[in-house]
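Notes follow once the structure below has been shown.
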Amino acid sequence: MAKQIKIDTVRHSLAHILAYAMQELYPGTKFGIGPAIENGFYYDFDLPSSISSENLPKIEKKMREIIKRNISFKKSKLSKSDFDRLFKNQSYKLELIKELTENSSLPVSIYKVGDFIDLCKGPHIKSTLQFHSGKAKEIIDAFKLTKIAGAYWKGDEKNPMLTRIYGIAFQTKRELQDYLHQQKEAEKRDHRKMGPKLDLFSFHEEAPGMPFWHHKGLLIFNMLVEHWRKIQSKYNYQEVKLPNILDVKLWKQSGHYEHYKDNMFFTIREKKKLALRPMDCPGTILLYKESPRSYKDLPMRIGELGIVFRNEKSGELHGLFRVQEITQDDAHIFVAKENIESEVTTLLKIVDEIYKPFSMKRKVYLSTRPDDAIGDKKTWEKAEKALKYALKKNNIKYGLKEKDGAFYGPKIDIHIDDSIGRTWQMGTIQLDFFMPERFNLEYVDNKGKKKRPVIIHRALMGSLERFIGILLEHYAGALPLWLSPVQVWVIPVGKRHEKYAKQITEKLIENRSRCALKDENETVSKKIREGEIQKIPYLLVIGDKEEKSNAVRIRERGKGDIGMMKLNKFLEKIQKK
RNA sequence: GCCGAUGUAGCUUAAUGGUAAAGCAAUGGUUUCGUAAAUCAUCGACGGCAGUUCGAUUCUGCCCAUCGGCUCCA
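Using the working numbering, read the first sequence as starting at 637 and increasing by one per residue.
Below, the structure is given as structure tokens:
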């Protein structure tokens, strides 16, 4: 009996116990579904009246009470007609069973837990008795209801919204505490809190989803841009800057208006309808069309640090991760069909170069044709094949994301894992056969024949805003030296050291360090504390000893006091980094 | 947009149907200090608009923003 039960089985069973508790506490509740998920479980309910998270302790108590009753989970089979009778008041279950039995006449499996019956194929624990003995006993204390949220029935926003209750569950109380602790840590590195605290950026009610970049934040922003530019020019990209507002007729031609207008901002000029661009491509296309192109011009790589505007639904905004004014490290490559693979190969190399300095693990996904795609299936297949081939040739392992492509073409998405194990979508490489068609793009091949190029849309960091948000959380605010907006603070011990401290500061600035003299009327301790909070990489304390030997005393972020060093040596040290 | 919650000073929090309290920050003094908060004083706030009420920061409604999710997404 002391045998370990599979945690997913436990989680799934807890979801049923939760539903049972809801049935007892809120008669008339209709039940959706309740699966095990990562770290826990949830169950969706259609409640007779709405509840809030204040009710969670009560529900949790009821669940423990049910567990104490030693209730068994009994599996049985029912014919569809018996099922329909038994569940006549459970419209969601009836809907599920209708779909399940559409292609089969087999009996359906149900589970009975005390007075609660649910459509379910299992597996489950045998009975809550298992929770009372041996190792499993801990589980009673290792679960917790965490939050209450709305969720559309079957994940479709056209369906009614159900009330979802989330819980977390582990094998041991210890694991639960570890998890809660980790959540707290993650909260501490929340970029939305860190940003204003480190004086990097802020948000205002007057401009939802549009960051105000402060000086220090913009320094980081510009450093990343510099990093991007270096790599771009190495690979023969031209950089351009194009308008943010363009005539709606262009967006109609590109297909964006039809597919994307709910996410676009519009404005009017002398009766002419204009749109803030939600993407950079149509502008770049106009640029391409300015003159006839030859095969010698291809691949034509046009990069733009484009600002695009996307009108997001209000509940979707999230700090820098989801903004409405987005800066993309964007580029469009006009390429001959036969050169797609080699170009994608180069791009994959560029991706690696971009991510190299950030110690993040990269994952690659291939996304295929979505349901609302434009263009014919055959072209899509060809494009998907080209991407697959390039990935294979470069020995890159990738995951498949069915139906997740852009409406104009399949794409390769770059995801990264951050330091606390979360995954983020960053860059994207998208093939596009349709925009060239719509805009009638051409080039002249080596036999003087007109041919149609392909466009590759690509962003490496994705959006600078999101990327900075991720970096802040990845490094918990302690950015690497080269990205730190302020790298060194010079702290004089007393008033008489200010002159020497000032000289050091000037010398450091001359050597292109971002450095500040902290000569405010405060104690050394206070400034050290402040410097630690501000995540300054190096704090230099300057007193009599240092002045006498033309040296600095160094406190390195995360390491503490690392001793005295000659000023020149210190300059060398940070220059190297 | 949908479900639920939140909104008090720059930040973190308190209290109240009848003058809104504190710590940090800021500002002005004193102190000139050796590795995570010296000291005294001063300044400073009820998200917005309506309604109920003699009186609303408190109760009600609407709006806005934010948070946790859903959907969507770079």
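We put the CB at the ideal spot given by N, CA and C, even for glycine. All figures in this text were calculated on a predicted structure; none of them were measured in a lab.
With distances taken from CA atoms, which of the options is nearest residue i?
i	options	result
Lys908	Gly1035, Leu882 and Met1097	Leu882
Lys734	Ser745, Lys1184 and Asp720	Asp720
Val1126	Tyr728, Tyr871, Gly939 and Pro1173	Pro1173
Lys1143	Gln1211, Phe667 and Thr903	Gln1211
Phe901	Pro928, Val944 and Leu923	Val944
Leu855	Tyr871, Leu1100 and Ile1092	Leu1100
Ala805	Thr799, Asp1155 and Thr782	Thr782
Arg800	His1133, Ile673, His817 and Ser745	Ile673
Gln726	Gly1105, Asp835, Phe752 and Gly1130	Phe752
Tyr662	Ser686, Ser869 and Glu875	Ser686
Ser712	Asn675, Gly758, His1110 and Thr737	Gly758
Leu886	Arg825, Asp916 and Ser869	Asp916
Ile784	Leu1077, Asp682 and Lys1083	Asp682
Roughly how many angstroms lie between the CA atoms of residue i and residue j, to the nearest whole one?
i	j	result
Asp1039	Pro684	First, the amino acid is wrong: residue 1039 is Lys here, not Asp. The alpha-carbon atoms of Lys1039 and Pro684 are separated by roughly 37 angstroms.
Asn975	Gln1061	26 angstroms
Ala651	Gly1098	38 angstroms
Val971	Pro935	4 angstroms
Ile904	Glu961	19 angstroms
Ser708	Arg647	16 angstroms
Ala638	Arg1189	With a pLDDT of only 41 at Ala638, under the threshold of 50, the placement of this residue in the model should not be trusted, and no figure is reported.
Trp849	Arg937	29 angstroms
Ile695	Tyr815	21 angstroms
Leu755	Met658	16 angstroms
Leu953	Leu1108	18 angstroms
Ile990	Thr1141	32 angstroms
Val749	Met1071	57 angstroms
Glu1073	Arg1088	8 angstroms
Asp1053	Arg1102	14 angstroms
Val987	Lys1018	23 angstroms
Asp1049	Ile1032	12 angstroms
Pro671	Glu731	17 angstroms
Phe1069	Asn675	42 angstroms
Asn1030	Tyr896	34 angstroms
Asp835	Leu983	35 angstroms
Val884	Ala843	24 angstroms
Ile643	Val1000	29 angstroms
When burial is assigned at 16 or more other CB atoms within 10 Å of the CB, is residue i buried or exposed?
i	result
Glu906	exposed
Pro1128	buried
Trp1016	buried
His942	The question names His, yet the displayed sequence has Gly at residue 942. Gly942 comes out buried.
Pro796	exposed
Gly668	buried
Lys1181	exposed
Thr1004	buried
His1110	buried
Leu821	Note on residue identity: the sequence assigns Glu, not Leu, to residue 821. The residue is exposed, with fewer than 16 neighbouring Cβ atoms inside 10 Å.
Ser1185	exposed
Over the uninterrupted beta strand (DSSP E) stretch that includes residue i, give me the two end residues.
i	result
Ser1249	Any answer about residue 1249 is impossible in this case: the structure gives the chain only from 637 up to 1213.
Lys1176	The amino acid occupying residue 1176 in the given sequence is Leu; Lys does not appear at that position. Its beta strand (DSSP E) spans residues Tyr1174 to Ile1178.
Tyr991	Looking at the DSSP string, Tyr991 is not in any beta strand (DSSP E); the run it does join, the alpha helix (DSSP H), is Ile976 to Tyr991.
Trp887	Note, Trp887: premise wrong, no beta strand (DSSP E); alpha helix (DSSP H) at Val884 to Ser890.
Terminal residues of the continuous alpha helix (DSSP H) containing residue i?
i	result
Gln818	Lys809 to Lys824
Val1129	No alpha helix (DSSP H) holds Val1129; DSSP gives it neither H nor E.
Ala612	This structure does not reach residue 612, given that the chain is present from 637 up to 1213, and the question cannot be answered.
Cys917	Cys917 to Tyr924
Asp965	Counting along the chain, Asp965 falls outside any alpha helix (DSSP H), though it belongs to the beta strand (DSSP E) covering Glu961 to Val971.
Trp864	His851 to Lys870
Lys1257	Given that the chain is displayed from residue 637 to residue 1213, the structure contains no residue 1257 and the question cannot be resolved.
Ile1056	Counting along the chain, Ile1056 falls outside any alpha helix (DSSP H), and DSSP gives it neither H nor E.
With distances taken between CB atoms, is the gap from residue i to residue j smaller than 8 angstroms?
i	j	result
Leu1036	Leu1067	no
Phe767	Lys773	yes
Trp864	Leu1115	no
Lys1171	Gly1113	yes
Phe837	Gly853	yes
Leu584	Leu878	It is not possible to answer for residue 584, since the shown part of the chain is limited to 637 through 1213.
His760	Thr645	yes
Lys698	Tyr747	no
Pro1006	Phe957	no
Phe1136	Glu1183	It should be pointed out that residue 1136 corresponds to Tyr in this sequence rather than to Phe. A contact, by the Cβ cut-off of 8 angstroms.
Asn899	Pro918	no
Ile775	Ile702	no
Tyr1025	Arg929	no
Glu979	Ile1092	yes
Gly1105	Gly1196	no
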